Amino acid sequence: MTEEKILSQNQAKEKVTQWQSEGQKIVFTNGCFDIVHLGHIDYLEKARNLGDKLVLGLNTDASVNRLKGPTRPVVNEYARSRMMAAFEFVDAVILFDEPTPKELIETICPDILVKGDDYSVENIVGADFVMGRGGEVKTIPLVKGYSTTSLIEKIKKL
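Take the numbering used here: the last position of the sequence shown gets the number 514, and nothing is skipped along the way.
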């Protein structure tokens with residue numbers, strides 16, 4: 357059942373420690389993933405291909421609301437977490453409510469931290485921590501023309 361992939365921070369830490377003890381490389385990324393689109397799928401597939409397991413930090417509804425405004429998220433955190441967990445290339449989903457995933461990254465200690473290429477490595481939250489532990493920080497090219505905001509705007513015009 358995909359719900360088994362939705363973990364608390366403590367459960368995620370245990371799972372990541374287990375995977376790392378088996379020699380597996382853990383990739384971490386995060387985001388809101390409000391209305392899932394091709395850009396998300398492409399990004400997550402590419403992130404997973406950088407290592408053996410992909411751990412996804414997912415913003416809670418309250419966190420999305422603070423980041424994106426009062427009309428967001430469109431899809432609630434339960435549905436978003438279930439959808440993310442349903443993807444075969446996502447191995448664990450962890451909800452976080454903080455403004456950034458810094459604490460989550462420091463808790464689970466991934467080997468590879470990934471964000472889209474709309475970020476530069478020096479601006480990626482947690483990059484200094486991951487690199488300080490000997491890990492890697494990478495950016496992935498985003499599929500042009502796909503964003504949740506642009507989808508919402510398109511729907512509004514219908």
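Built from N, CA and C at the ideal position, the CB exists for glycine as well.
Bear in mind that the values here come from a model prediction, so they are computed numbers and not experimental data.
Sequence-distant residues of its chain with Cβ nearer than 7 Å to residue i (five each side left out)
i, result
"residue 500", "none"
"residue 502", "393, 394, 395"
"residue 496", "399, 402, 403, 470, 472, 473"
"residue 365", "450, 460, 463"
"residue 498", "395, 399, 472, 473, 474"
Three-state class that DSSP yields for residue i in the structure shown
i, result
"residue 488", "helix"
"residue 494", "strand"
"residue 383", "strand"
"residue 361", "helix"
"residue 510", "helix"
"residue 377", "helix"
"residue 334", "Residue 334 lies beyond the residue range present for the chain, which begins at 357 and ends at 514; the question has no answer from this structure."
Identified DSSP bridge partners for residue i
i, result
"residue 366", "Answer by DSSP bridge pairing: none, since residue 366 is not bridged."
"residue 372", "Beta-bridge pairing links residue 372 to no other residue."
Residue i: first and last residue of the uninterrupted alpha helix (DSSP H) it sits in
i, result
"residue 468", "Unbroken run through residue 468 is the beta strand (DSSP E), 468-472; no alpha helix (DSSP H)."
"residue 514", "First-last for residue 514: undefined, no H or E at that position."
"residue 461", "458-464"
Delimiting residues of the beta strand (DSSP E) encompassing residue i
i, result
"residue 450", "448-452"
Cβ neighbours of residue i in the same chain (closer than 8 Å, five flanking residues each side left out)
i, result
"residue 414", "386, 387, 388, 389, 433, 436, 437, 440, 449, 450, 451, 452"
"residue 407", "380, 381, 382, 383, 467, 468"
"residue 476", "495"
Short CB-CB distance (under 8 Å) between residue i and chain C
i, result
"residue 387", "No chain C appears in this structure, which consists of one protein chain only."
Cut-off 6 Å between Cβ atoms - residues of its own chain near residue i, not counting five sequence neighbours on either side
i, result
"residue 409", "375, 380, 382, 447"
"residue 431", "390"
"residue 363", "448, 450"
"residue 372", "382, 464"
Exercise for the section: Give, in chain order, every unbroken run of the beta strand (DSSP E) that is at least 3 residues long and sits entirely within the region 388-445. Expected result: For the beta strand (DSSP E) assignment, the uninterrupted runs of no fewer than 3 residues enclosed by the region 388-445 are, from N- to C-terminal side, 409-415.
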